[in-house]
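Going by UniProt numbering, the first residue of the sequence shown is number 1, and it counts up by one from there.
All residues carry an ideal CB built from backbone N, CA and C; glycine is no exception.
This structure is a prediction, so every number in the text was calculated from the model and none was measured.
Below: the structure, in structure tokens.
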Amino acid sequence: MTENRSHDMPRGAVLSVVDVAKTFTLHLQESQRLPVLSGLTFDVPRGACVVLGGESGAGKSTVMKMIYGSYGADSGRILLSHQGTVMDLAVALPREVLAARRETVGYVSQFLRAVPRVPAIDVVAEPLLERGVDRTTALDRAGALLARLSIPERLWKLPPATFSGGEQQRVNVARGFIIDRPLLLLDEPTASLDARNRAVVIELIQESLGRGSGMLAIFHDADVREAVADAMVDVQSFTPAREGVTA
Ligand SMILES: Nc1ncnc2c1ncn2[C@@H]1O[C@H](COP(=O)(O)OP(=O)(O)OP(=O)(O)O)[C@@H](O)[C@H]1O
Ligand SMILES: [Mg+2]
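See below:
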């Protein structure tokens, strides 16, 4: 059950993470415990881009997966402003998580998980089709976005499984930006892109921020970070000492 705790949501925030902890249990290693995060606290205001920093393995992607509901949190609150109410994603039911994903939270993951045999243009158009937009309009808009990201038209009807890393990433980005959501999670969306396509992604981010979306992002490239970051969260400062790993 989701409690309505709107009094806990800071004004103007789309996301409020409060005192979240996460430890992985490594079942293949005699149930060793790997503490990754503790006391994680930050907000994402509407229309702002918050960037997660910290070295590889610090737990940046883990933070995003908890917000997207793919990983549970051990404790703390992950408050999402969802359709006029506040949902605590740390305790939300699976169907509530799915509703949040449909309406409120988008996620451009580090790697595209392409469904076999689905053409690239359909992968991109799918979020529009799910919202009931007619097929012709949806495919037109998907094509426009793919063209903007320099995906040649001959690739649009092919499944992305055989695309290059950078082409897959651009399909993934197009899918993430085809609809505006109140919160968009971006996990290294420009890591394998050239400067020209990085610039297009920066534009897409800025346009979406301008329409009021909040963003939580991880960027490999300092130029992208500097162009769009309104605030930084150093995930490493919420990482317990790894020497403390206990059986
Ligand atoms: N499902 C899992 N099971 C066990 N350990 C995990 C799991 N997911 C992540 N980890 C561990 O948690 C730590 C944080 O991983 P995470 O992927 O969040 O790091 P990251 O900051 O995103 O790193 P990178 O910059 O390399 O993408 C790592 O030590 C990783 O091995
Ligand atoms: Mg990562």
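7 Å CB neighbourhood of residue i in its chain, flanking five on each side removed
i	result
Q206	V228
D230	A48, C49, V50
L187	Leu is not the amino acid found at residue 187; the sequence shown has Asp there. S61, M64, V108, S109, Q110, I218, listed in sequence order.
D43	P10, A13, L15, S16
W156	P119, A120, I121, G143, L146
L139	I121, A125
A161	A114, P116
Cβ neighbours of residue i in the same chain (closer than 6 Å, five flanking residues each side left out)
i	result
Q169	S192
T25	S31, R33
R117	P159
N172	V108, L112
V20	L40, A73, G76
P35	T23, P240
R141	none
V97	G69
M1	Low per-residue confidence applies at M1: pLDDT is 49, beneath 50, and the placement is therefore not dependable, though the value from the model is reported in the following sentence. Counting only Cβ-Cβ distances below 6 Å, and skipping sequence neighbours, we find nothing.
V133	none
Same chain, Cβ closer than 8 Å to residue i, five either side skipped, listed in chain order
i	result
T246	Unreliable placement is indicated for T246, whose pLDDT of 48 sits below 50; the coordinate value is still reported in the next sentence. If we look at T246 and ignore the five residues flanking it on each side, its Cβ neighbours are Q32, R33.
S208	F177, D180, L184, M215
Residue nearest to residue i in terms of C-alpha spacing, selected from the options
i	options	result
R148	S109, N197, R135, S164	N197
A195	P182, V224, L204	V224
I67	E126, T104, P119	T104
R211	P45, V123, E30	P45
L128	L145, D43, G12, A92	L145
H82	S70, V14, G54	V14
F238	G53, P152, A99	G53
L93	G76, L80, G69	G69
V91	P182, L79, L40	L79
V86	G166, D8, E226, G165	D8
E167	D140, A58, S75, I121	I121
T23	S150, Y71, S56, E55	Y71
S213	L204, D221, A138	L204
R131	Q29, S38, A99, I151	A99
S38	V18, G106, D221	V18
H220	T136, A138, S56	S56
residue 279	P182, H27, L28	With the chain covering 1 to 247 only, the question about residue 279 has no answer from this structure.
Beta-bridge pairing of residue i - partner residues as DSSP gives them
i	result
P35	T23
D234	G53
I218	D187
A142	For A142, which the question treats as bridged, DSSP gives no partner whatsoever.
A13	P45
V105	L183
V18	R77
Beta-carbon separation (whole angstroms), residue i vs residue j, contact threshold 8 Å
i	j	result
E126	R95	About 20 Å; that fails the 8 Å criterion.
A58	V235	5 Å
R77	D88	5 Å
V200	P189	Not really, about 11 Å apart at Cβ, beyond 8 Å.
A114	V124	Going by Cβ atoms, the distance from A114 to V124 rounds to 11 Å, so no, they are not a contact pair.
Residue-level contact to chain B via CB, residue i, 9 Å cutoff
i	result
S70	Considering every chain present, this structure includes no chain B. It has just one protein chain.
Distance cut-off 8 Å: residue i Cβ against heavy atoms of ligand 3
i	result
T62	With respect to ligand 3, the structure shown offers nothing to examine, as its ligands consist of ligand 1 and ligand 2.
**Q.** Uninterrupted beta strand (DSSP E) stretches inside the stretch 173-210 (no shorter than 3 residues)
**A.** 183-187
Q. At what residue ranges does the stretch 38-96 contain a whole run of the beta strand (DSSP E), taking only runs of 3 or more?
A. 49-53, 75-82, 85-88
Q) Which full runs of the beta strand (DSSP E) of 3+ residues lie inside the stretch 115-159, going along the chain? A) none
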